[in-house]
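Visitor:
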Amino acid sequence: MENLIGLLVAAPLLGAALLLCGGRRLDGKGHLLGTALALASFVIGAVLFADMLGRDEHDRALHSHLFSWIPVGGFRADVAFQLDQLSMTFVLLITGVGSLIHIYSIGYMEHDERRRRFFGYLNLFLAAMLLLVLADNYLLLYVGWEGVGLASYLLIGFWQHKPSAATAAKKAFIVNRVGDVGLSIAIMLMFTTFGTFAFAPVLSNATDASEGKLTAIGLMLLLAACGKSAQVPLQSWLGDAMEGPTPVSALIHAATMVTAGVYLITRSGAIFNNAPDAQTAVVTVGAVTLLFGAIVGCAKDDIKKALAGSTMSQIGYMILAAGLGPIGYVFAIMHLVTHGFFKAGLFLGAGSVMHGMNDEVDMRKYGGLRKYMPVTFVTFGLGYLAIIGFPGLSGFWSKDKIIEAAFAKGGTEGWILGGAALLGAAITAYYMTRVMLLTFFGEKRWVPDEQGNEPHPHESPKSMTIPMIVLAFGSVFAGGLFSLNDAFLKWLEPVTSHSHGHSPLSAATVTAGTMVVLLIGVAIAWVQYGRRPVPSTAPRGSLLTRAARRDLLQDDFNHVVLVKPGEYLTRGLVYVDHKLVDGVVNGTAASVGGLSGRLRKLQNGYARTYAVSMFGGTAVLIAATLLMRAV
Amino acid sequence: MSFPLLTVTAAVPALGAVATAAVPAAKRAAAKWVALGFSLATLVLAAIVLVSFDPDGAHFQLTESHPWIKDFGVRYELGVDGIAVALIALTALLIPFIILAGWHDADPLEEASPNRRWRPTQGFFALILMVEAMVVISFEATDVFLFYIFFEAMLIPMYFLIGGFGDRAGGRSEEESATQRSYAAVKFLLYNLAGGLIMLAAVVGLYVVTADDLGTGTFSLQQITDARAAGTLDFATSTERLLFLGFFFAFAVKAPLWPLHTWLPNAMGEATSPVAVLITAVVDKVGTFAMLRFCLQLFPEASKWATPVIMVLALISIIYGALLAIGQRDIKRLIAYASISHFGFIILGIFAMTTQGQGGATLYMVNHGISTAALMLVAGFLITRRGSRLIADYGGVQKVAPVLAGTFLIGGLATLSLPGLAPFISEFLVLVGTFSRYPALGIIATVGIVLAALYVLVLYQRTMTGPVKAEVRGMPDLKVRELVVVAPLIALLIFLGVYPKPLTDIVNPAVDHTLSVVDKKDPKPDHPVTDAGWFSYSPMHDRASGGAK
Amino acid sequence: MSHAATVHSLWTTAAVSPPDKIPTPHIEYGQLAPTLIVLGAAIVGVLIEALLPRRHRYAAQLFVSVVALAAAFAAVLGLAAGDYGTSKARIAAMGAIAVDGPALFLEGTILLVALVAVFTFAERRLDPAAHGNRVDSFAAQAAAVPGGDAEKAAVKAGFTTTEVFPLLLFAVGGMLIFPAANDLLTLFVALEVFSLPLYVLCALARRHRMLSQEAAVKYFLLGAFSSAFLLFGIALLYGYAGTVTYGGIADVVDGTVREVTPALAGTMGNDALLLIGGAMVLMGLLFKIGAVPFHMWTPDVYQGAPTPVTGFMAAATKVAAFGALLRLLYVVLPGLRWDWRPVMWGVAIVTMLGGAIVAVTQTDVKRLLAYSSIAHAGFILAGVIAMTPDGISSVLFYLAAYSFVTLGAFSVVTLVRDAGGEATHLSKWAGLGRRSPLVAAVFAIFLLAFAGIPLTSGFAGKFAVFKAAADGGAGPLVVIGVISSAIAAFFYIRVIVLMFFSEPRTEGPSVAVPSPLTSAAIAIGVAVTIVLGVAPQYFLDLAGQAGVFVR
Amino acid sequence: MNPVNYLYLAALLFTIGAAGVLIRRNAIVLFMCVELMLNACNLAFVTFSRMHGNLDGQIIAFFTMVVAAAEVVVGLAIIVSVFRARHSASVDDASLMKL
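Here's what the structure looks like:
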């Protein structure tokens, strides 16, 4: 069985290699090959899953050591995989959703002449993501971590001829790099603290280390998570990342990659559990982000950007949960999975809509589409219900648990977090309803695109709708399934451990409260967008709205605080290097030259002058000699 | 008397240089093939050295030792340790690619050259081989004086390569670029000569000191280290420091270390890209290599004494180089400044005095050689196509020449040391090595990682992506020759990124030896994990749930 | 009163010793053979001038000179082989001349240099033939007014100044004696013997005769001036010690003199005589060496003199003068080490730096080389100061290495010509590397040797000297030497840049195809440069064995 | 009388000669001054020879004269040829080569 783990990664990697180096001759079949390999690795994952279920829940972890990677002195890094319940959950999510999106893309990218490369990148992503979740040590995880970063860079910038896309891709990579610095520092800290950075030894001995050390490590890990999962303050890249093809947004920037931060924190639970301050930081980040994202989501008219905001906010929930420690880990992951389903579904839906509307993204130019693309409408609708947490659907189960857990944190902290979570739920309900209404209800607000051809909305081909349907099923039933006598909890507990906090409110109360705020949110949205006609150009809106449209000024902030000063700094240094550092050297040369020029004037051609110098020289010679004797 | 493998390895390229230079003016093409042949022969020899080197064997292997200049206490002493072997292999590996990449760089502009005896092509390739020979032997030399001689002599062929053969690029008149070239060449030579002469003073000093203590002056590294170990030779603190500074200055210029770096951008900018690769990937390595072999092993005490300052300078190089790279408008200068930043990492690793640091630094030398070669050579192909070095003159190349763009991107990713590619390993080792002894420095150095991403991706974005520029339209994609140059390098980058063990196995013992000479131990982790608790992991261990304590 | 007594004794000795009692001086002809051969040949040369018809003179002179120099060199080798350099070293010719290691080594070097120089003197292919006669670098008729009718007639008649060969031989004769001189009188006479012919030779250029004559005047006047100082210094030393033999003076300086006459006792007490005298003698030698501040004649003379003469002068004079300086400092004045060493330090420093710095802005190849020779004088002085056997041998080695590089370099200069003769202005050398790569490459090799790049003789020499200096406790000198060589490197490189990296001028000079003579000279220069650079051990051994002065 | 005075005289003559070389322009005069210096040396030699009571100094004086004579021959030859070329014996005119 262990050997299969390697194959899990190898399959998509092989696909990437073939597709990217294969050259034109693969253009015809490339996409099929890519999809096949994705499915292959899903199958392998399923097999392993079955095998895992077959074993006792306490020795379900598989371990496969491939080879010693970097042995230098005390520094031992191995290429070795560890497949436990947590990893398995991700494997299934990644390969499953991944395969679906491969299929979806066959249709979506049909007319792109670089489709082969697109699938190559997708496979590359799968491989990297699997590596990330299967690695048994932090350094190998780091490889996957940056690997997915690379894949996302390539895919965001897939339409490189669009400057906006290229810029977005670069931005994403660089912001992620900032996060990666955190991860690498964390690894270094582990090495200096424990002399190793493999999960097992580090986590099992975390308690030996001083709390200060652990807090430092925790904070660094959090920084990494912020980068990858687009959490405040490193959130700014996610919105722009929507420049990428929609399947990419669905897979990478909704379902899987962006949730890597949650995985990292959950995986490193043992460290955070012993570093309360770090945990506080985590929950704060989570809470702030879930509101931040939600607010941004309300203001966007670009359907994908709106969804991106929501993604940010939902991951905020997960981070929050993960920050709560053993109370929350399980629910973080559970929400991660359900979110994987419905958010992917939503994005695919959005993609399908755009597909029908000449790639129009402005929701104000949609309207009344439910008649034209019923399947999309239904699947999208289910996803919508799931995300706002409509009772019985996936989102309800997972999100509700998180809110409970937040309260269960106890004390004022608990109240604040719980409140934030509730408020978030309300806003979620609001903006998702808004999206729903703007897109599928109301009257048509379509306009011809640049080429002037009217949009003829139509249902997308099977290859696209089927995945949407599958995901819709997931978004409906997954949550329920998981919560059936706490199946999911029991499944993960051996890895993440679980403890029931002591919530000041009963579960029922929380649920009720959630329902209430949910209804409020929906109601407001209905009042604003359902009843009266929607202007096809956005009204100026309140100060907050305008700020939110600009992602709450995050970019402006970065621009002022980082970009501009950086530019001045580099320009200044270029000048310094040229004038100062180089100037000194050239200056010395010049001064020697000048001296030479002056000295050679003494050589004036008059024999008498020469005689004088000789005479003087002799005089000095004599004087000096006598002086030496005198001294 | 065994077969003098090392001598032969150095001699073959030298012979090749002569042979190439001897090719008559008319037979231009032949000269190229001759040069290529000899460089490949050298590669084979280097491979033989590699395999016949036993990592667990003596420190210096394949040694040769003959008296040379008795009066100066100079012996012709050759020997290789793991570090030298790795670098020799790198050199021998890169030269054929450099030659292939520069295949047409030295073709005279007009066939009817003014003088029958003027043979630029022959000269170009002969000089390259000459440089290779000198570099190889200075990696092999275990006699300080012998090393010094080639360390210095190397400058001359390099100087002619830089000054004699610029690329036809840059929208400048032939006249202007000629002046620019010779300025760069002179700057290169004077900088390094100045460094070398300072070192000469130190070398003389070394002779005097050894002569005083041992009766006869000697330059043999082995002999000196042994004598120091035995206590028969011991430097006065002040002398040792002065000598160290003399040596280090020369190597810091060569490396180059801030603020002695300004020759590099000029040299790399004006030279043709193969020559630029020769400079940064091969010749400059001699500087860092010499720090490791001579500075540390001859003057361990002084090295430790100077470490703080050097670490800071290295740190400045890292950040400063990266920032200036961001600020460049010229592709080649950008890469040059990137190299300065990388050399900062190498020096940081060397003087961190930890196995990870120095092992990483050594790997870094190799990996940086390969990655820069890949990036710079592709950049060269790009520049020769468009005839301009200015980033602003490009755009959308990815659309017209995807393979070129792809290879360029991979080279760039290697330069920003993306995990999975070789440079990542070395860079991370250097960082860990530094961090474990100087946490603060280690953390500051990580800023370099972000900046690297910035300059590489900005370069890629500006040149390769976006709408296709008119001048770029119709640009041909990589030709076979060019692919033959780039593909192996990339393959190597990936291989060494995934499985560097062969390299580390060779390097580690040498590094341990160096550290033992310097008498430094790796700092111990605060809570070393006992192997007992290695795989017995259960999440219940934590304070919250009163875990094992 | 004492004076009267001495005077009286003087007379009486004069009276009671009839001439036949004066012992006939005993001369070791064998050991003086080299000098005697050369001087004899010189006289033969004069006779040739007097007796042979013009058309035969050139061949005859060339033959005589070459044979003589070769024979003399053979004689030197013979003496060296006969251990006259080491175990059998002795003072010959009634204490006038020392035959010892340094003397032989330097004589050998000078003779070889002279031999090569003769080749360049005899070169007759470079200038276009005038009226069907091959011409060399020397004036048709030195006495004729430049550009005057007499000169035209002389050129038309195809006159050539074959006197240069005997002059050269005389000069060589003097140079052979100079470093071997064992008393101050011989020193002085030898100085004049080799200076006077050089003065004349300087005035004999065929082209640019005004410059040539000016050079001669300057050289002569300043030379005479300096020799006057030298002579006065000798007088003072004589006054101090009552003798002019090196050994005698040394004894007096060290106070180990055997019988002390009252007069001697009187003067011995007066160190001023000794110090001032010593300083003035030193000055006379430093002038010949071309050390700052006695160097100012060098550039002008080097520029004005016919290039073959310049080459010979630059190489041989330095060798001879340094030989004499070494002997003076190591044999006569070691007792005064603590007085003259600091002074020489100063001289060495200003010489190294001055030469290097001023050279940076030169625009004429010959002047450039002149200043570089000044800088090199500084380096050699650093070795002289070492005051160790190592110092002596290193200086000897450096001289040998340097002289051949210099000779070669100037020989190359003779090749680069335009309508007005040699094109010595640097701007005309632009792009030489394109037009004639070989010549440029050779010149580059010489320049690199000057710059002291490893694998050239220049480096070996420099290292030897610096090593000796550092060993002798002159570390700071080494550092300054290193700095000035860095400065010096700059202008050597400049020339290389000019030759290789700048576009050839359309009206640029042509490179004349030399006869085998000059080619041989250059080839020898290159060979020595490379051999001494790559495998110097053998020659270092030679110099090492030759490192002991007889006293 | 005390021979030392002759030394003073010699020194004086020497200085006068040197000063002459430094300040006069005419080549012939310069040359004369050099001769004067040489003669000053001779005087010194003779004086010292008297003081030490040995003949060396006197012998040297003769040598000096011979050498001086030789110098005259060469020197005048050069100076005259220059004079014929430039119609001036001023050493300052002979300053084509400088810097």
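Protein chains in written order, with my numbering: chain H, 501 to 1131; chain R, 22 to 570; chain U, 18 to 568; chain E, 101 to 199. For each residue, glycine too, the CB sits at the ideal point set by N, CA and C. All figures in this text were calculated on a predicted structure; none of them were measured in a lab.
1. Does the region 240-251 of chain U come within contact of the region 288-304 of chain U, defined as at least 3 CB pairs closer than 8 Å?
2. Expressed to the nearest angstrom, what Euclidean distance is found between the alpha-carbon atoms of F691/H and A512/R?
3. If you follow the beta strand (DSSP E) that H531/H is in, where does it begin and where does it stop?
4. Do W991/H and Q582/H come within 9 Å of each other at the CB atom, strictly closer than that value?
5. Counting only C-beta atoms, is R226/U closer than 9 Å to chain E at any point?
6. Run through chain U and tell me which residues come within less than 7 Å of R202/R, C-beta to C-beta.
7. Report the rounded CA-to-CA distance for S428/U versus G185/R, giving the unit in angstroms.
8. Under 7 Å, CB to CB, which of the residues in the region 1106-1127 of chain H have a partner in chain E?
9. Restricting to runs no shorter than 4 residues, where is the alpha helix (DSSP H) found entirely within the region 744-791 of chain H?
10. Bridge partners for V528/U per DSSP, in chain order?
11. Under three-state DSSP, which class holds V24/U?
12. Cβ atoms of A560/U and S411/U: under 9 Å apart, would you say?
13. At a Cβ threshold of 9 Å, is K235/U touching chain H?
14. Which residues in the same chain have their Cβ closer than 6 Å to the Cβ of A806/H, if we skip the five residues on either side of it in sequence?
15. DSSP on S19/U, reduced to helix/strand/coil?
16. Residues in the same chain with beta-carbon distance under 6 Å from P533/U, minus the five sequence neighbours each way, listed in chain order, please.
17. Leaving out five residues on either side along the sequence, give the residues of the same chain with a beta carbon under 8 Å from the beta carbon of I293/U.
18. Would you mind giving the Cβ-Cβ distance between L600/H and V970/H, rounded to the nearest angstrom? I have them listed as a contact below 8 Å.
19. Is it right to say G37/R is buried, meaning 16 or more other beta carbons lie within 10 angstroms of its own, or is it exposed?
20. Write down the C-beta distance between L472/R and I368/R rounded to the nearest angstrom, noting that I regard them as a contact closer than 8 Å.
21. Report the residue from W569/H, F658/H and V702/H whose alpha carbon sits nearest the alpha carbon of P423/R.
22. Which residues bound the alpha helix (DSSP H) around F145/E?
23. Cβ of R125/E less than 9 Å from any chain U Cβ?
24. Need the endpoints of the alpha helix (DSSP H) that H363/R sits in, please.
25. What does DSSP give as the partner residue(s) for F567/H in the beta ladder?
26. Determine, using beta-carbon pairs with one atom in the region 528-538 of chain R and one in the region 311-331 of chain R, whether at least three such pairs fall under 8 Å.
27. Buried or exposed, going by whether 16 or more other CB atoms sit within 10 Å of the CB of M854/H?
28. So with CB distances below 8 Å, who are the chain E contacts of Y216/U?
29. Anything in chain U within Cβ reach of I219/R, meaning under 7 Å, just list it in chain order.
30. Against chain R, which members of the region 617-645 of chain H pass a CB distance test of less than 7 Å?
31. Secondary structure at L196/E, three-state DSSP: helix, strand or coil?
32. Give the interface partners of M197/E over in chain H, defined as CB-CB distance under 7 Å, in chain order.
33. In terms of alpha-carbon separation, which member of G256/U, F507/U and L465/U lies closest to A373/U?
34. From the DSSP secondary-structure annotation, give me the bridge partner or partners of N637/H.
Guide: Looking at the coordinates:
1. They touch, by the three-pair rule.
2. Sequence index remark: in the first sequence, residue 691/H carries index 191 (1-based). Sequence index remark: in the second sequence, residue 512/R carries index 491 (1-based). Cα to Cα, the separation comes out at about 30 Å.
3. On the first sequence, residue 531/H is found 31 positions in, with the first residue counted as 1. Unbroken run through H531/H is the alpha helix (DSSP H), G530 to L553; no beta strand (DSSP E).
4. Counting from 1 along the first sequence, the entry for residue 582/H is found at position 82. Counting from 1 along the first sequence, the entry for residue 991/H is found at position 491. The beta carbons of Q582/H and W991/H sit no closer together than 9 Å.
5. Position 209 of the third sequence, counting from 1, holds the residue named residue 226/U. It does: the Cβ of R226/U has a partner Cβ on chain E nearer than 9 Å.
6. Along the second sequence, one-based indexing puts residue 202/R at 181. Ordered by position in chain U, the residues that pass the 7 Å Cβ test against R202/R are F518.
7. On the third sequence, residue 428/U is found 411 positions in, with the first residue counted as 1. On the second sequence, residue 185/R is found 164 positions in, with the first residue counted as 1. Per the coordinates, the alpha-carbon of S428/U lies some 26 Å from the alpha-carbon of G185/R.
8. Residues of the region 1106-1127 of chain H that bring their beta carbon within less than 7 Å of a beta carbon in chain E comprise Y1106, A1107, R1108, A1111, V1112 and F1115, in sequence order.
9. Taken in chain order, the whole alpha helix (DSSP H) runs of length 4 or more contained in the region 744-791 of chain H are 746-750, 760-767 and 769-773.
10. Residue 528/U sits at position 511 when you count from the first residue of the third sequence. V433/U.
11. Residue 24/U sits at position 7 when you count from the first residue of the third sequence. Only weak support is given to the placement of V24/U: the predicted model assigns it a pLDDT of 43, under 50, and the question is left unresolved by the model.
12. In the third sequence, residue 411/U corresponds to position 394, counting from 1. In the third sequence, residue 560/U corresponds to position 543, counting from 1. Yes. Within cutoff.
13. Walking along the third sequence from the start, residue 235/U turns up at place 218. Look at K235/U: its C-beta is under 9 Å from a C-beta on chain H.
14. Position 306 of the first sequence, counted from the start, is the residue given in the question as residue 806/H. So the list reads G797, K800 and V935, once near-sequence residues are dropped.
15. On the third sequence, position 2 is the one that residue 19/U refers to. Low per-residue confidence applies at S19/U: pLDDT is 44, beneath 50, and the placement is therefore not dependable, though the value from the model is reported in the following sentence. Under the three-state reduction of DSSP, S19/U is assigned to helix.
16. As a position in the third sequence, residue 533/U is number 516, starting the count at 1. Here the set comprises nothing.
17. As a position in the third sequence, residue 293/U is number 276, starting the count at 1. Residues of the same chain with a CB within less than 8 Å of the CB of I293/U, apart from the 5 flanking positions on each side, are G250 and L253 in chain order.
18. To locate residue 600/H, count along the first sequence from 1; it is residue 100. To locate residue 970/H, count along the first sequence from 1; it is residue 470. Rounded, the Cβ-Cβ distance is 6 Å, consistent with contact.
19. As a position in the second sequence, residue 37/R is number 16, starting the count at 1. By the 16-neighbour rule on beta-carbons within 10 angstroms, G37/R is buried.
20. Locating residue 472/R in the second sequence gives position 451, where the first residue counts as 1. Locating residue 368/R in the second sequence gives position 347, where the first residue counts as 1. L472/R to I368/R, Cβ: 17 Å. No contact.
21. Along the second sequence, read from residue 1 onward, the residue named residue 423/R stands at position 402. Of the candidates W569/H, F658/H and V702/H, the one whose C-alpha sits nearest the C-alpha of P423/R is F658/H.
22. Stepping through the fourth sequence from its first residue, residue 145/E is reached at position 45. Residues A127 to H152.
23. Here residue 125/E refers to the residue found at position 25 of the fourth sequence. Contact of R125/E with chain U is not assigned, every C-beta pair being separated by 9 Å or more.
24. Along the second sequence, read from residue 1 onward, the residue named residue 363/R stands at position 342. Taken as a continuous stretch (DSSP letters only), the alpha helix (DSSP H) holding H363/R covers I352 to A373.
25. The residue given as residue 567/H occupies position 67 in the first sequence. Answer by DSSP bridge pairing, in chain order: V579/H.
26. Below 8 Å, enough C-beta pairs join the region 528-538 of chain R and the region 311-331 of chain R to call them touching: three or more.
27. Here residue 854/H refers to the residue found at position 354 when the first sequence is read from its first residue. Sixteen is the threshold: when 16 or more other Cβ atoms of the shown chains lie within 10 Å of the Cβ of M854/H, as they do, the residue is buried.
28. Mapped onto the third sequence, residue 216/U falls at position 199. Simply V174, G175 and I178.
29. Counting from 1 along the second sequence, the entry for residue 219/R is found at position 198. Going along chain U in sequence order, the residues near I219/R (Cβ under 7 Å) are V499.
30. Result list: Y642 and V643.
31. Stepping through the fourth sequence from its first residue, residue 196/E is reached at position 96. If DSSP states are grouped into helix, strand and coil, L196/E belongs with coil.
32. Within the fourth sequence, the letter at position 97 stands for residue 197/E. Ordered by position in chain H, the residues that pass the 7 Å Cβ test against M197/E are G1105.
33. Position 356 of the third sequence, counted from the first residue, corresponds to residue 373/U. Among G256/U, F507/U and L465/U, the Cα nearest to that of A373/U is on F507/U.
34. The residue you call residue 637/H lines up with position 137 of the first sequence. Note: N637/H sits in a beta bridge opposite A698/H.
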